[in-house]
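For reference, each letter of the sequence shown is one residue, going 72 to 382 in our numbering. Scroll down for the structure; my scribbles are underneath it.
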Amino acid sequence: MLANHRHVLSHFSCCIRRRCYSSGSSAWSLCRSGGDPSKTTSPQKRDGQHSRALQEACSPVTVFKATDSASPCHTGIKTPGWKEKAPKFLAILFLLGATVGPAIDGIHGQVHLLTYDSAAITLGSLHTSAWVFVLLGAFYATLGPCFVALDSLTLRQGSSTVTTDAEAETQPGLARQVRRWSVIATQRAVSRADPPRAALSLGVVAALHQLSCILYTAGVPYGQISAVLAATAVLNWLLFDGTPQGLALASLCAVGAPTSELLLMKVFGVWHYEKPDFLVAGVGLPSWVACCYFFYTPWLANAARALWKRM
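In structure tokens form, the structure reads like this:
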């Protein structure tokens, strides 16, 4: 008798679970269709959508976005946004560029790679110009936010993954792979960014500047110096950045910064290089200086990311 009662209760419980699941699934499907029963999805398609939704919810991109955004609806606490954090963030980056920047730049001044012609300053072994403090402060305050903004854009685009088979078929395989690499690399770079890593990256940049000075004073041909520095610059990017946006910004600096130097030398006569091999309109610079700007950017990327995470 007792066994029969248990059997009936078990059967009744199973039926209730099935009906609840069916009812819940139908309600979920009806909600997804905007209230139109004709647009509800089939069980097979609904199961596929549920599986993809679960994968998205558990993916690192979604988790990173959820924890980083900290929406007031989810946490009850309103985290400061860009408008609240930007003034302090930019001010710290400017001060960092105006202090650390001239110290790194002074490594080249020790071997008289360049001579400052306007507002020259000598502080012990540091030969620089008053213009350098302002220019490097502006450089840091301009480039640093670019890393933060592009990181956010990359992760935001990565979180809006393809959810239907039709959309997946229209997206090329290479594009999906590049997008996936971009998101994973950005997640890794942002998660690793902290003060110790930024300090290590700064030390590597200083060492690479010193390496360029050694090669320069040894009389190594500029072509060979460029090859050595280019190889170390790529390795430095792989170790301390590795993101596509970091590669793009480093390449932009390798072209834009020397161009800005040529303009400053031509129009304002702030400094000049002693042995240039790349000349434009009567002013010039060593061709391998572009590599120095390339390997400079990963340190700034780590500093900006670490600072932004802690504000």
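Glycine residues also receive a C-beta, built at the ideal position from the N, C-alpha and C atoms. Keep in mind the model is a prediction, meaning the values are calculated, not measured.
- A distance below 7 Å between beta-carbons, with the five flanking residues on each side excluded, links Ala212 to the following residues of its chain, in chain order: Leu161, Leu164, Phe165, Gly168.
- Within the segment 210-285, the runs of alpha helix (DSSP H) at least 4 residues long that lie entirely inside it are, in chain order, 236-241, 244-263.
- For Trp342, DSSP records a beta bridge to Tyr187.
- Comparing alpha carbon positions, the residue from Ala270, Leu334, Thr199, Pro158 closest to Trp370 is Ala270.
- Going by DSSP, Val351 is part of the beta strand (DSSP E) stretching over 349-351.
- In the DSSP assignment, Leu164 falls within the alpha helix (DSSP H) that extends over 153-180.
- Inter-residue distance for Thr314 and Ala325 is about 16 Å (C-alpha atoms, whole angstroms).
- Restricting attention to Ala157, Ala377, Asp176, Gly208, the CA atom closest to the CA of Leu197 is found in Asp176.
- Look at Val360 here: in three-state DSSP terms it is helix.
- The segment 250-262 makes no contact with the segment 182-201; the number of CB pairs closer than 8 Å stays below 3.
- In the DSSP annotation of this structure, the continuous segment of the beta strand (DSSP E) that includes Thr199 starts and ends at 197-200.
- In this structure, DSSP gives Val291 a state outside helix and strand, which the three-state scheme calls coil.
- Membership of Thr330 in the alpha helix (DSSP H) is indicated by the continuous run 315-334.
- Residues Val182 of the same chain have their beta carbon placed closer than 8 Å to that of Thr288, with the five preceding and five following residues left out of the count.
- Counting only the Cα atoms, Gly355 lies some 9 Å from Glu345.
- Rounded to the nearest angstrom, the gap between the Cα atoms of Pro292 and Leu335 is 26 Å.
- Of the candidates Ala377, Leu300, Gly180, Leu300 places its Cα closest to the Cα of Tyr367.
- According to DSSP, Thr193 shares a beta bridge with His198.
- Nearest in C-alpha terms to Ile296, of all of Ser358, Ala220, Lys380, Ala328, is Ser358.
- Minimum Cα-Cα distance from Leu279 among the listed residues Val305, Phe339, Asp265 corresponds to Val305.
- For Ala328, the number of other beta carbons within 10 angstroms of its own is at least 16, and it is reported as buried.
- Less than 8 Å separates the beta-carbon of Pro173 from that of Val203.
- The C-beta separation of Phe349 from Ser322 comes to about 17 Å, leaving the pair out of contact by the 8 Å criterion.
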